[in-house]
Structures are given as structure tokens and as C-alpha cells.
Amino acid sequence: MSAEMANEIKLISGRSHPELSEKVAKRLGIEVARTISLNYSNQETSFTVGESVRDEDVFIVQSTITGDVNEGLMELLIMISACRTASARRITAVIPNFPYARQDKKDKSRAPISARLVANMLQTAGANHIVTVDLHASQIQGFFSVPVDNLYAEPSFLRYIRENFMAEDCVIVSPDAGGAKRATSIADHLNTAFALIHKERPRPNVVGRMVLVGSVEDKVAILVDDMADTCGTLVKAAAVLKENGAKSVLALVTHGILSGNAIETLNGSVLSALVVTNTVPLGDKVQRCPKLRVIDISPTIAEAIRRTHNGESVSYLFNHAPV
Amino acid sequence: MVRNIVVLGGNSHPALLDSVCNILGMPACNRILTKFSSGESRCEIQDSVRGKDVYIIQTGSGGNGSKLNDHFMDLCIMISACKTGSARRVTAVLPCFPYSRQPDLPYKKSGAPLFKAGSESGKKDYTFDSVPATPAPGVPRSAGFVNGTDITNRLNKTSLTNGTGSMSPVKQTNGENYFNGNGISQSVASPMPVPGNHGSYTTHDYENVSHVVAFQAKPGYKQWVAQAGTLVANLLTCAGADHVITMDLHDPQVQGFFDVPVDNLYGRPLLKRYIQSHIPNYKDAVIISPDAGGAKRATAIADGMGIEFALIHKVISLFITDRQNASMMLVGNVADRVCILIDDLADTGNTITRAAKLLKKEGATKIYALLTHGVFSGDAINRIKASAIDKLVVTNSVPQGEHKALLGPKLDVLDIAPIFGEAIRRVHHGESISVLFNYD
Chain A
1 MSAEMANEIK
11 LISGRSHPEL
21 SEKVAKRLGI
31 EVARTISLNY
41 SNQETSFTVG
51 ESVRDEDVFI
61 VQSTITGDVN
71 EGLMELLIMI
81 SACRTASARR
91 ITAVIPNFPY
101 ARQDKKDKSR
111 APISARLVAN
121 MLQTAGANHI
131 VTVDLHASQI
141 QGFFSVPVDN
151 LYAEPSFLRY
161 IRENFMAEDC
171 VIVSPDAGGA
181 KRATSIADHL
191 NTAFALIHKE
201 RPRPNVVGRM
211 VLVGSVEDKV
221 AILVDDMADT
231 CGTLVKAAAV
241 LKENGAKSVL
251 ALVTHGILSG
261 NAIETLNGSV
271 LSALVVTNTV
281 PLGDKVQRCP
291 KLRVIDISPT
301 IAEAIRRTHN
311 GESVSYLFNH
321 APV
Chain B
1001 MVRNIVVLGG
1011 NSHPALLDSV
1021 CNILGMPACN
1031 RILTKFSSGE
1041 SRCEIQDSVR
1051 GKDVYIIQTG
1061 SGGNGSKLND
1071 HFMDLCIMIS
1081 ACKTGSARRV
1091 TAVLPCFPYS
1101 RQPDLPYKKS
1111 GAPLFKAGSE
1121 SGKKDYTFDS
1131 VPATPAPGVP
1141 RSAGFVNGTD
1151 ITNRLNKTSL
1161 TNGTGSMSPV
1171 KQTNGENYFN
1181 GNGISQSVAS
1191 PMPVPGNHGS
1201 YTTHDYENVS
1211 HVVAFQAKPG
1221 YKQWVAQAGT
1231 LVANLLTCAG
1241 ADHVITMDLH
1251 DPQVQGFFDV
1261 PVDNLYGRPL
1271 LKRYIQSHIP
1281 NYKDAVIISP
1291 DAGGAKRATA
1301 IADGMGIEFA
1311 LIHKVISLFI
1321 TDRQNASMML
1331 VGNVADRVCI
1341 LIDDLADTGN
1351 TITRAAKLLK
1361 KEGATKIYAL
1371 LTHGVFSGDA
1381 INRIKASAID
1391 KLVVTNSVPQ
1401 GEHKALLGPK
1411 LDVLDIAPIF
1421 GEAIRRVHHG
1431 ESISVLFNYD
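Taken in order, these protein sequences are the chains called A and B.
Each residue of the first sequence is one higher than the one before, starting from 1 at the first, in our numbering.
Each residue of the second sequence is one higher than the one before, starting from 1001 at the first, in our numbering.
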């Protein structure tokens, strides 16, 4: 084996999102490494590497499967640990949708900070580097003592808006106070108006009363958020925007988790479209929901992997989406 | 009544939690442990744990609506929640330790793995010999007993099956289709299984057989199988466990994977007591180890009780490279004797049922099988039902309710709650627990 081949990218795919891994691999012009993950009948996860990773630069792509997060997480940990014991030079966990990102603070007595636990577990397993997209709270990076590259879907969203709408017709709306920063950043880039919806949340997965701050009259209201889970918030927010005179309402969301009755909720809503990236596997949801549009995030992830491998700066990707 | 102690339970084994709490004379800690609709675990501990000695009981098995990995993650999250909730010490109590067995992929001499096809047809129809054969043209259905009669054929004519479908669990045609079919998926990664939709398959035959067969390591590379034991140990300590209590680790070396104290309790005293009280003339019985690996466990009991010992040995001949169908050889004499099979864990039940078959053939009158952990995954229960085992005895380190309902009087369950209750009490008070290792 020649010297320049000694340290190459080994892209390993978990079972959660093989389509994304394939796209990333295609973009990088390589093949997904030969591995196989299985569950024994006693439900323990088994992982086998079918080619040498010794001294290679290993990237493990694993997203979260809606409804089955723990299975994917354990598989990822086992994959990392297997590559570590197989003498990989560096292991980068590519986790487009970081699991447990919302459990990032002790909001009640004895509430677990599961995001930190996941961070610790990844490092314990042997991850040297993390690549993720739109962390729910960027502070999660502080849970790690290894580098975390938090990529943004924002450049992709900006392109989508520019290609499909006239910026002056739009109002960017944040569906909650927490997402205001994300939304204002997009509004600033497009030089458009901005509005905010204030909501009360009595219990998790239940949405309370909503109040609009700002004007959306006769405009295309674009809701921006980092994740769409049960879609209760988005749909209620869309209704509020419609009531306040918005011409049409669409939503741009990075992670389309779409759990529970999300699809039914969306189909019955006033939202004209929900645009998500493919950080989370969507399965048949695109067929079941005509309002769902998907932006491919794999070019951004592939470019981040290429740059990381070559030791180039990744910050270019924070403002630009590779075509 | 024990003070300053909190016993917290996961969802894997509520019955054991209740009995342990009863023995300790205190209620279990209130907690919410469910799943968000996104699939993430939700854990809230409702009683104060500040400055307390916390014991978290979670066994390493799937069930109760969640999978093994869910239970394990729940455990880590609970440990972490107690730690951040200022618990003085957190002890993880895992009656059955997950990932304690190192994977044993059968290897050919060339280094390539021998995967077997699952029995696609007749999933409800089992004989105790229902090990799916490697689907190859011309492989006899039961390659195992080279010198014995093939009972499978005879059993096919009995009423063991439920009347529908094919009688034989492994159809030769399956194997044929397999190799002739062009539709074998070449993709290396398959989608995750749908939660709760685990079909029946046995340990060494995997869910998606087609992609398993299609999987080939790169030429010249002997594939690397993940060994999750160390990882699990590290994850528990990383979550914040200060102490681990478990029982009959498959490999005692797992204890060495931890940097924190591990108390490995023994189920042996329970099994011994069962032999003494439930097996008539046990002094004339023979203790059998179903494989060479368990010889030490079995001899420990045999020596302790002054009973004779025999061992079953798998002969892996040059011609039969298939480990599951390797011919078995009995070392020792069991003719006209009562046999007591001793093992630490039965998962698919392959080993013990095959051992029982051999023992019957060698003239054993009655066969008891005593195990610590009865995981019984896949088609194990049906296999055991149809096997030559007369009595199966397991502890409730894994919930046995379902198994008991299916196996009825064939299964006896021993309660480990007193051992764990006493271990927790002693650990809490800083007393020695070594007495638990040896009491008879």
C-alpha cells in the first residue's frame, strides 16, 4: 500500500440513516465501508467491521430513528468502540441530529442532563471528534472535551428562500422565544422583517396559548425552528399567523423528527409546506405528507468530512452551502 | 427498616424491585420513566436522593415493552440523574449483566464467518433440534449426530407441530433458493428494525439473513467483531455508577473491566438448595456441563455436593466446520442415571436442548436443567418445550412470568430477591458480603 493511501477516510454507516451515508459517500467519491450491524435474538447489538480501519480516519454516520433513539445510540457507541479497539487513528462521530439534545439542563430537581451523559458516553466509547448539525443549544458543545463541529442548515435554508420567494414578501417568524436568535439571523441575512410567537408550555409535548409579537399581514410567514417533533407548536403557530393576516405560512425546520401523529397534524394544518433537511431519516413520511419538502444536507456534511480529513477550516460552511 | 437508602427500579423487572423493597422494608423510590414520542427516554426522579445511598435495579434483558438497549440507556440516565441530584453513592444492580458474553461468530478455517439462515418457514413449528442448518445444497438436516438416528424426521410425523405449514423447521428448499437467488441485497446497512417488531430468529441467525449472507469482509481481512463488554462497563462508570452488583457473570473477567468495585453474587447456593430439596436421590445423579466452558461452574457444584460429574464436548471435525451442528460427545457415564445440566445462561436454548438430547440417547432417565439466567430469546421456549429436558430451573434474574406461562410445570423459578436484598443491606451497612458467596 502506498504512503498516500495510508490514512484515508473510512465512512461507516449505522443502521439509522443509510441513505444519508450513501449520499455523503457518493459526494466524497468513496464507498461506505463494509460493516454490518445486527441485533442478536437477546436484543444485544453486534457490529462487525469487514475491512481494516487501522490508522485510518474513521467517520461514523449515525442519526436518530424517530421512536427508537436508544437503539441507534448504543449502536453508535459500539461502532465507535469497535473502531477504537481496531486501532483507528481518529474516530469522528457524525451525528446529524444529536440525540437527547433537548435534555440539556436541570430544569427540575433531579432531572437528568441526558445530553451531557450522551456526550460523556461518546467520549468514553472513544470518539475523538464530533460533527453535528444545528444543535438544539450550542452550549452542548461545552459538554464535550473533544472538538465539536456544529454545522448549520441556515445557508441551505437561505438558498431555499431566495430561490422560492421574494425576500421583501417574507416575514421570518420564530415559533418560540428560544429560537429567536436562529430566526433573526436568517431575517438579517435576507434583510426581511421578523416576528416572534410567545407561547406557554404547561407540559412536554403539549402546547399552550400563543401570542404574536410583530406583524405578518399580507406577507409570506416563514416559521424557522431547529426541530419539528410532534408539530403541535408549528401548527398552532401557523394558525396564529393565519389569524393575523399572513398570506401563506410555511415552516423551515432542520430536524424533521415528526413523531407521534405529526403527519396527521401537518396534513390537517394551514401550513402550506414544511421544509426539513434529511438529518433524520424520513422513511415514508414524504409520501404520507404532501406538504413535506426535503433539502439535502449531505453536501454540507460531506464537505465538513473532507475538510476535517484534510485539516482545512470548516468555518466556510457556516455561511455557505456547497451546491 | 433501612435508613438513608433509596431503591430505584427501571422498567425491566418490576417484580424483583417489589420483592427487594419488601425484604428491605421500604417503598421503592417514585420516579417517572417513560419515553417521549421522539423515542428519547424520559426520566424524572420524584423523591429526594441528596446524600442518599442509591441502588438502581435494572436487569439486562429486553421486555416490558422496551428493548435491551432502551433499558440500558434508562439505567445510565437514572444513574446520571441521581449523581447530578447529589446522591452520595449510586450502585447499579444488574442481576443479569448485558453484553457479558463476548460474541462468538463461528469461523471457518479460512477466517470467514459461518452465518446460518433463519428458518423462514414454519416459525411456530419447532422440534428441539430446530437448529437451522447452514443453507447449502446437500447439507443433511441434522448434521449434528453423525452416529445417531435423526430424530427430526421421526418427530416430523408426531403431533409436535401445530398442523399448519411445513413440519420441518428447516426446509432444504430454503437453502437452495438462497444460493440460487440473485436478489440478495448488497447493501451493507439495513434500516433499523421497527420497534417491537422482532420476528423470531435465533442468536446466531440474524434478522435479515440476505444481507448477512451478502456481507463479506474485504479480501485478506479477517473481520473485526465489536466486543461490547468493556464498553458497557465504561459506560456505567461514565454515567456515574460507584458500585456494581451483579450475579453469575458469564465471564468473571468482566469484573476486571470496571474501575469500580463489582460484587459478583452467585446463584450457585440457590441451585444447590434446589438439588438437595427437589431432586430425589440426588447423590446418585450426575452433574453435567453442557460445554467445556461451563465445566468449572458445574464441577464447583458437583464437588461441593459430592456428586459425580460428566461433561459434554463439542467435536469440531475437519468435515463439519459448523459449530452449532458439530457432533457432541459425552465424557462420563449417564446410563440409567438422573442428569442435572448446569449452566449460567440459556439464551436460544440450543446448547442445553442439544445436550439433553444427547443425554437421553446415552440412557439418562431424567434430565434437569439448572440455569442462573433464563433469557430464552427467539424461539428458545418452543425449543425447550419440545426438548428432552424434564425440568427446567432458572432464577428470576430475568422476568420469568411469560416463560412460566408458556412452559407451565416444566419450569421452576427460584427467587433471587433475598440474595439481592441481603447484598444491598450489607453493602449499605458496610458489612462483608462474602458470606453470600458461600452460604448453603
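Every residue, glycine too, gets a C-beta built ideally from N, C-alpha and C.
Reducing DSSP to helix, strand and coil, say where residue i ends up.
i, result
"N244/A", "coil"
"T1059/B", "coil"
"Y1221/B", "coil"
"A1335/B", "coil"
"C1043/B", "strand"
"I113/A", "coil"
"S1066/B", "strand"
"I1424/B", "helix"
"K10/A", "strand"
"Y1368/B", "strand"
"A153/A", "coil"
"S174/A", "strand"
"K219/A", "coil"
"R1003/B", "coil"
"S298/A", "helix"
"A33/A", "coil"
"R1297/B", "helix"
"K106/A", "coil"
"D188/A", "helix"
Please report the straight-line C-alpha distance between residue i and residue j, rounded to a whole angstrom.
i, j, result
"L1270/B", "L1436/B", "11 Å"
"R84/A", "V1232/B", "14 Å"
"D1284/B", "V1262/B", "37 Å"
"G1378/B", "N70/A", "21 Å"
"L274/A", "P281/A", "15 Å"
"L135/A", "N42/A", "34 Å"
"L73/A", "K1052/B", "30 Å"
"C1447/B", "L20/A", "The first residue shown for chain B is 1001 and the last is 1440, placing residue 1447/B beyond what the model contains."
"M210/A", "R1042/B", "26 Å"
"V61/A", "V148/A", "14 Å"
"V1090/B", "A1241/B", "5 Å"
"I1389/B", "Q1046/B", "46 Å"
"Y152/A", "G311/A", "19 Å"
"T1372/B", "I1056/B", "20 Å"
"D176/A", "S272/A", "20 Å"
"T254/A", "T279/A", "7 Å"
"A101/A", "T300/A", "21 Å"
"A1423/B", "G1085/B", "24 Å"
"I113/A", "H198/A", "25 Å"
"P1409/B", "K1391/B", "8 Å"
Excluding the 5 residues flanking residue i on each side, which residues of the same chain have their C-beta closer than 6 Å to its C-beta?
i, result
"D104/A", "A115, A137, I140"
"P1140/B", "With a pLDDT of only 41 at P1140/B, under 50, the local geometry of the prediction cannot be trusted, and the value read off the model is given with reservation. Here the set comprises nothing."
"A183/A", "I172, S174, V224"
"K1218/B", "none"
"F1420/B", "V1020"
"H189/A", "L158"
"R1101/B", "H1250"
"E1308/B", "V1286"
"I1275/B", "Y1282"
Which residues in the same chain have their Cβ closer than 7 Å to the Cβ of residue i, if we skip the five residues on either side of it in sequence?
i, result
"V270/A", "A238, A239, K242, V249"
"R306/A", "L28"
"C324/A", "Because residue 324/A is not part of the residues shown, which for chain A are 1 to 323, the question remains open."
"P155/A", "N319, H320, A321"
Identify every residue that forms a DSSP beta bridge with residue i.
i, result
"A93/A", "I60/A, I130/A"
"T1395/B", "H1373/B, L1414/B"
"D1343/B", "L1371/B"
"K1385/B", "DSSP, once it has assigned bridges, lists no residue as partnering K1385/B."
"L1075/B", "In DSSP, L1075/B forms no bridge with anything."
"H255/A", "M227/A, N278/A"
"I197/A", "L212/A"
"I1032/B", "E1044/B"
"H1313/B", "M1329/B"
- [ ] Mind listing, in chain order, the continuous alpha helix (DSSP H) runs of no fewer than 4 residues lying wholly within the segment 1214–1278 of chain B?
- [x] Whole alpha helix (DSSP H) segments, 4+ residues: 1228–1239, 1268–1278.
TODO: Pull out every residue of the segment 61–80 of chain A whose Cβ sits closer than 9 Å to any Cβ of chain E, in chain order.
DONE: As a matter of chain content, chain E is missing from the structure shown, whose protein chains are A and B.
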